[in-house]
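Line by line, the protein sequences are chains A and B. Numbering follows the numbering used here, with no gaps: position 23 of the first sequence is 23. Each number in the numbering used here corresponds to the 1-based position in the second sequence with 1000 added. No residue lacks a Cβ here, since even glycine has one placed at the ideal position from N, Cα and C. Reviewing the structure listed below.
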Amino acid sequence: MTSPQAYFDSLLLGSRLTQTVRGFSRSELHLLAYASCLLSLYGGKPVSDWEYEFSSTPSGLPFSKNLDDALDYCIRIGDITDHGELLQITSDGQTNLGIWKEHTINQERLAYLNGAADCLLLFTPSVIREAFAYEPALAFIKRHAQTAWLFSDPIVDRLHDTFGEIRELLPYQGSDLSLPLSAWLEYLLTIGRTHEHSN
Amino acid sequence: MRHLNFPIVRRIRLSHFSLYNLQDHIEFSIQPGTTCLAGANGLGKSTFFQIINYGLTGVVPRPGQKFVSVDDYYRDISRFSKDYFQGRVQPEDRDIAEIELELTIGDRTITLIRGFDEPDALRSLVITNDARHFDEMTPEDREANYQAVLTQHIGLSTFKEFVFIQSFVLTFDERRHLLFWDPKVLETCLLLFVGIDNEQRADAERLRREMEKADSRVRNLRWNMTQQKDRLDSLRQVLSGNELVDDEASTYEEFETLLDRVKERSNEVDIIQTKLRDAKLALAEGAARASVIRNDYQREFSERVTAKHSVENAPAIQLALIEHKCAICGTEGIAVVEPVKKAIAEHTCPLCKAATDRATIPAAVHQRLKELDKELAEQKKRVDSSVLLITQLDVENDIRVRSLETVQTELDAFEEQNRDVVNRGRPVDANHDQVIAAYEKTIAEIDKERLKQKSKSAEASKAYKQIQKKLEQEYLNIQEDFVPKFNTLANLFLGVDLDIQLETRDKSVTLALTVKKTQRHAEHDLSESQRFFIDIALRMALANYVSSDTIKAPLYIDTPEGSLDLAYESQAGQMVAEFANDGHPVFMTANINTSELLTEIAKQSSLGFGLHRLYKWRELSEVQEKHEAEFENRLNALDALAHSRNI
């Protein structure tokens, strides 16, 4: 059973990634969807509102089964095509995106999905992946080669603490959610790289 | 004039009584006159007394047992004997330990054997001039026959009456129960001795109990009624209060203003909280509805949209792709897979080659999803609206609650400062009238019950008075014989004029004692030893009164000397000897050191004085052993004195 939200997210993020960096890998799509979900949390929504869950792979990257199924579906019906190592949205995919974008159920997510996608203007997907690798929960999971849910209560509590700090640091609180995400990614990169350098 | 022929114990044989561990068998005959069992402290003198009583009656008087009636008393003490002898008879001796008594009653001699664990049975019974074969009867039947014969020959109506007389009149034992100072026992005793019949005596006891119960109930009800009346008075006082003066009226007005403000704020809080509850309910309903719509949307999307586009989900295609088999012709092999895969990739149907609807969602499905989405959006608006309303109401509620708390605190402080004015100023409401009415009803009910109990007591009292009157009349007949006998005996002891008079009280008829023309009702008016011997004198007078010329009632006196000084010991001895010389067998125990008492009895007894040494039956303590020779010397001297007197 394909989740309509995961399908829409695949189309929207697939579209943004195709436009910005001319193609994407599966893991990059998962990464941006995860970032979108984090922004929804930052925006005060409960995790359950995102409608699908994320776990961490042993390599420390976020993964959603629903999103993966939706991506398969998109490829199967031709909304997304497979060009060698990179995936791209097709014109049919763009048409369908236009149709589903009108649905209120999806409009609630646009701000978060676009906020995450906007970061692609500042960071390449690989840099975003690097930054998240320094995120404490993901880093821990990677170190211990575990598979775990990424929105368990203790992790969510800590994320809220982090978001609270980000809000205090940012004087401007507009509707552009790429700003806090960029700030956080920057922070993760600085801390992570410093820590690695010192080691 | 009533004569009662009490049994006279002639011989005692005690076997295997563990307490007296120096002798397996203790046996002695009791000669006329006085028999004394002499021993030191703690050797078991009182126990021997109870053994004789147990042999006679099958019961042992329980110390402190309250007396209500003859029948109740027998019932209450009848189970005590087993407890009493536990520890005094070792378990290994239980089957062989027994008391054998030979007693005479009238022209009969009864020989009985009773075990200490069988109070309701006799191991053996022999009655002279009685042809019945008691040895063929059950132990319980022997006991029943013994009781019947004994009761009949004494001249009483029931064996229980004999137990009562034996316990309270003929025995002065370690309980130190005194007749003079127990009106109930003394009255029953007089009823029995003057010859009031058994039924009337039982009636008297019953009526006395009924009166006591009814009177006790009346007292409780009266107390209860007083309590209720006090409460009612207090309530009325509070309600009536005093009129408020000008300043107080103004204070009360201020209180009322504050009270109104509290009510007003409280009302506001109630309204807000009702709205809040409604809004939360609407939110819950809206959220639940949104959840249902969202689920419908998800289901519709998954089932209609994704299913439609899944050409490869068709069973025939699945067969080709997974099992490499054609569903139409049955051909197998990888060659079947390639054309199917190619057709799917080109978005054509592998079967009919028609283009698959790859990018366009079926219009009807899309329409349905749009409807659901619209519905969800509307529902979401309502939910958002409810959330907003709740947020606003929460803020409003906080403000109102704080405002109420402020006014309430103000009111509490004001009430605390002006409590008296506030209490008195409060108007009487209908509820108070109901409370007053309830109190009045309760008081009336209690009073009704009190009058009922009072009347019950009066009825019992009226019937009881009849019996009292009869007792008074009978006493007039006996006092000429009985009172002088008591005076003589008591005078021998105290050396002063004594008198006794019948005194009728509400719930008893008793004997009042006059010493030197002054009434001495209370126990503390006489010394302990004086009380003991005056009570013994009374028993002697009663025993003497009921005895016939030929058969004199016996008396059993357990260590009566108490703390008598030497002078009184001698006089007490004279009193006992006087009684014994009249033909009454006296069985007593005494401490060896009370030589003056025993010397006087030995000296004065014309019918004989038998002395038995209890310290020969049981091991003495180390201290007592040191004085054994001295004991022996003293008792030998007494023996010699008695012997010379008997000669």
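Report yes or no: is there a C-beta of chain A within less than 8 Å of the C-beta of residue i?
i: B/L1376; result: yes
i: B/K1280; result: no
i: B/K995; result: Residue 995 of chain B lies beyond the residue range present for chain B, which begins at 1001 and ends at 1647; the question has no answer from this structure.
i: B/F1301; result: yes
Taking residue i as the query, report the chain B residues whose CB atoms sit under 9 Å from its CB, ordered along the chain.
i: A/I75; result: Chain B residues near A/I75: none, gap ~11 Å exceeds 9 Å.
i: A/P136; result: In chain order: nothing, as chain B lies at least about 33 Å away.
Nearest-angstrom Cα distance between residue i and residue j?
i: B/R1277; j: B/L1451; result: 60 Å
i: B/L1411; j: B/S1266; result: 13 Å
i: A/E186; j: A/S40; result: 19 Å
i: B/K1066; j: B/R1219; result: 22 Å
i: B/V1068; j: B/E1415; result: 59 Å
i: B/R1236; j: B/I1271; result: 38 Å
i: B/D1071; j: B/A1202; result: 9 Å
i: B/C1036; j: B/K1462; result: 48 Å
i: B/E1264; j: A/G44; result: 38 Å
i: A/E196; j: B/A1327; result: 59 Å
i: B/H1432; j: B/V1262; result: 24 Å
i: B/F1017; j: B/E1098; result: 7 Å
i: B/L965; j: B/L1389; result: The requested residue 965 of chain B does not occur in the structure, where chain B is confined to residues 1001 to 1647.
i: A/D82; j: B/L1281; result: 50 Å
i: A/G93; j: A/A70; result: 12 Å
i: B/Q1147; j: B/I1127; result: 12 Å
i: A/A111; j: B/K1353; result: 42 Å
i: B/R1088; j: B/F1159; result: 27 Å
i: A/I128; j: B/R1402; result: 50 Å
i: B/V1060; j: B/N1633; result: 34 Å
i: A/I191; j: A/E130; result: 12 Å
i: B/T941; j: B/L1259; result: Shown here, chain B extends from 1001 to 1647; a query on residue 941 of chain B therefore has no answer.
i: A/N66; j: A/A6; result: 6 Å
i: B/K1470; j: B/K1213; result: 24 Å
i: B/G1064; j: B/R1209; result: 19 Å
i: B/L1542; j: B/F1193; result: 8 Å
i: B/A1359; j: A/C119; result: Only weak support is given to the placement of B/A1359: the predicted model assigns it a pLDDT of 49, under 50, and the value that follows is read from those uncertain coordinates. Spanning the two alpha carbons is a distance of roughly 30 Å.
i: B/A1320; j: B/L1369; result: 33 Å
At a Cβ threshold of 8 Å, is residue i touching chain B?
i: A/T81; result: no
i: A/L12; result: no
For a contact defined as C-beta to C-beta under 7 Å, what are the partners of residue i on chain B?
i: A/P4; result: Y1297, Q1298, F1301
Note down, in chain order, every chain A residue with its Cβ under 7 Å from the Cβ of residue i.
i: B/D1373; result: H103, T104, I105
Indicate, with yes or no, if the ligand PLP has a heavy atom lying under 7 Å from the CB of residue i.
i: B/R1011; result: Absence of the ligand PLP is noted for the structure shown, with no ligands found whatsoever.
Checklist entry - In the stretch 1400 to 1478 of chain B, which residue ranges form an unbroken alpha helix (DSSP H) of at least 4 residues, counting only runs that do not cross its ends? => result 1419 to 1425
Item to check | Selection of the stretch 100 to 111 of chain A by Cβ proximity to chain B, strictly under 7 Å | outcome: H103, T104, I105
Checklist entry - Residue ranges of each alpha helix (DSSP H) run of no fewer than 4 residues wholly in the stretch 1556 to 1618 of chain B, ordered along the chain? => result 1566 to 1581, 1595 to 1604
Checklist entry - Residue ranges of each alpha helix (DSSP H) run of no fewer than 4 residues wholly in the stretch 129 to 187 of chain A, ordered along the chain? => result 136 to 143, 153 to 169
Next on the checklist: Extract the residue ranges of the alpha helix (DSSP H) inside the stretch 1111 to 1166 of chain B, only unbroken runs of 4 or more that lie entirely within it.
Outcome noted: 1139 to 1154
Next on the checklist: Report the start-end ranges of each beta strand (DSSP E) in the stretch 15 to 90 of chain A that is 3 residues or longer and not cut off at the edges.
Outcome noted: 80 to 83, 86 to 89
Checklist entry - Can you give, in chain order, each stretch of the alpha helix (DSSP H) that sits fully within the stretch 1060 to 1104 of chain B and has at least 4 residues? => result 1070 to 1077, 1080 to 1085
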